[in-house]
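Here the sequence shown is numbered in UniProt numbering, starting from 1 and rising by one per residue. We treat Cβ as the ideally placed atom computed from N, Cα and C, and that holds for glycine. Small disclaimer: the values here were computed from a predicted structure and weren't measured.
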Amino acid sequence: MTSNVFNKKLLATLICTAGLAGCLDDPYNEPDTPTPPPASQEIPLYSPNGDSAFTLAIKDSNGVEAIVDGNSVSQGNISVTNVSGEANGTLNVTITDNKSGRIALTSSDSSHINLNVDPATSTLQFSTRAMSLPTNDQEIYVTSQKENNADIGKVSLTSSYTASYNGAPQTIKIPLTCFSDAGMDYTNAISPFSLVSDNNLNFDLGNIRIVTNSITQPDVLECDNTSTLLQADDPSDTFKASKVFAVPVTGWATAITNWMTVGNSTLHWGHDHIRIEYTNAPAGENGGLVLATQDQSFKDMSAYVDSGVLQFMFYVDNYANHPTKRFQVQMESSTHGNSEPYFLPAGTAEKGWQQIQVPLKDLFTRKDGSININSLRNIDKAVSILPEWVEGEQTLQGIDFSIGNVQIVVP
């Protein structure tokens, strides 16, 4: 009897020991902790926030240079004025006489400067404000130099200045790879910043710096943009109209998609419009209409942002049981996101056809005043219109709306 008890105790001990050994052999995996991105660091080039190894200078259309070392300086057809009143503060730059001008940072003694940055993750940034409206064919760009008078790389700013005219100050962000891939060496820099305009321009400029680990920040420009600048169909048209979509099918955005998250809507054709009827819209599901380019090409809307509107004829035959009776309108880029949403007033076009005008400035200007530059330069979905989003037991079932004669105009 005693022997059996001992054997049971021994067996239990052996099992527990074996189990403990197994537990000790199991590797312990620490819970995954996301690695925070490297912190950004600003390297002042021209800024009240720190000293710089570079000197700011202007160069007129004849190539004559003048150092910017006080509150104001003028040389030929270019002049600058310190409008902030502080050292290395914001400058107003004016280029006149329908000729070119340049403002640039160069090393003080023409020696090469090692900026000690990784071009792959860093950006050139500066604050600016367009005080005059560039022409469509004007060339405004930023370049760099590792030898005197030899530009390396070129990033166009014409769209940026055109789109932000009459708006708030903007922060321009340019990948350093735009220049390093063209041959710029940031360990041997003569000029890390040079802004050139080939014609008249008035703008504010300040706080020029390189920001490390900033390539993923919003609004970093593309090195090259291949979009087609949207212009008037008829150059003599005072309204600068560009036809987006009309029936019979004409315009630059004639690819039609009527979509639903779940369910479906029905597309009907009228003699001068299309009609969307929500025939199978389950509760809580959403959908709308998109007019896009047929060939997936992109349009640059910058020439219309200041005073242009998205204009179309609109009629809502039935709002059904929609809770707000509002429609949302926006433009979209398949590669760079959507514009800001624009909501039509409740009950719009409920009693008959109504002409709608949506200001492009409202579509592409955020609440903080910044311009959604990459989206507006890469629009392939000219119109996205949908009843305001519903959820829960709310439904789009029975809603019926029509749209026609869509164009971009300057009213």
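Residue i vs residue j beta-carbon contact at 8 Å
i, j, result
"A53", "E65", "no"
"F298", "S191", "no"
"R377", "D300", "yes"
"S339", "D380", "no"
"V262", "E285", "yes"
"I408", "L310", "yes"
"S302", "T162", "yes"
"S107", "S214", "no"
"T128", "D204", "yes"
"F327", "L386", "yes"
"Q138", "N199", "yes"
"Q170", "S370", "yes"
"N374", "R366", "no"
"F43", "V142", "Note that residue 43 is Ile in the sequence shown, not Phe. Cβ atoms of I43 and V142: not closer than 8 Å."
"I67", "A189", "no"
"N88", "S47", "yes"
"A104", "K59", "yes"
"I208", "H322", "no"
"G270", "V247", "yes"
"D109", "K146", "no"
"T158", "P175", "no"
Per-residue DSSP class, three states only, for residue i
i, result
"D300", "strand"
"V305", "helix"
"K243", "strand"
"D400", "strand"
"S52", "coil"
"T226", "coil"
"E277", "strand"
"W259", "strand"
"V406", "strand"
"D368", "coil"
"D234", "coil"
"D295", "coil"
"D317", "strand"
"Q357", "strand"
"Q394", "coil"
Rounded separation between residue i and residue j - CA only
i, j, result
"N225", "A281", "40 Å"
"A349", "Y315", "5 Å"
"N318", "L396", "10 Å"
"I152", "T177", "11 Å"
"G352", "V220", "44 Å"
"K154", "S194", "10 Å"
"F6", "P36", "Below a pLDDT of 50, predicted positions are generally treated as unreliable, and F6, at 39, falls in that range; no measurement from the model is reported."
"S144", "L124", "11 Å"
"G101", "T94", "9 Å"
"D51", "I210", "13 Å"
"residue 427", "A253", "In this structure the chain extends from 1 to 411, so residue 427 is not present and cannot be described."
"T324", "G206", "45 Å"
"V406", "V244", "5 Å"
"K240", "S307", "11 Å"
"A346", "Q296", "33 Å"
"S402", "H268", "9 Å"
"P341", "A255", "21 Å"
"G404", "G251", "11 Å"
"N136", "N166", "16 Å"
"S265", "V390", "15 Å"
"I78", "S111", "26 Å"
"S164", "A130", "6 Å"
"D26", "V329", "Below a pLDDT of 50, predicted positions are generally treated as unreliable, and D26, at 47, falls in that range; the measurement from the model is reported next regardless. Roughly 57 Å separates the two Cα atoms."
"S122", "S156", "18 Å"
"N202", "P34", "46 Å"
"Q75", "H336", "40 Å"
"I356", "I274", "16 Å"
"P359", "P411", "10 Å"
"A283", "P235", "48 Å"
"G288", "S384", "7 Å"
"A150", "A232", "37 Å"
"S84", "S197", "23 Å"
Residue span of the alpha helix (DSSP H) that contains residue i, given as start and end
i, result
"L45", "Unbroken run through L45 is the beta strand (DSSP E), 42-46; no alpha helix (DSSP H)."
"S375", "373-376"
"K381", "It is not in any alpha helix (DSSP H) - K381 instead sits in the beta strand (DSSP E) that spans 381-387."
"L360", "360-364"
Min CB distance residue i to chain B below 8 Å
i, result
"D300", "Of the protein chains in the structure, only one exists, and it is not chain B."
Cβ-heavy atom distance, residue i to the ligand NAD, below 7 Å
i, result
"A253", "Looking at this structure, you won't find the ligand NAD or any other ligand, since it has none at all."
Extent of the continuous beta strand (DSSP E) to which residue i belongs
i, result
"L289", "287-292"
"I215", "I215 -> no beta strand (DSSP E), and no H or E assigned at all."
"T266", "264-269"
"T250", "Segment: none, T250 is in no beta strand (DSSP E) and carries neither H nor E."
**Message:** For a minimum of 4 consecutive residues, which ranges assigned as the alpha helix (DSSP H) are wholly contained in the UniProt domain "ExoP galactose-binding-like" (55-210)?
**Reply:** 158-164, 177-180
**Residue ranges of each alpha helix (DSSP H) within the region 319-348, 4 or longer** = Listed in chain order, there is nothing to give.
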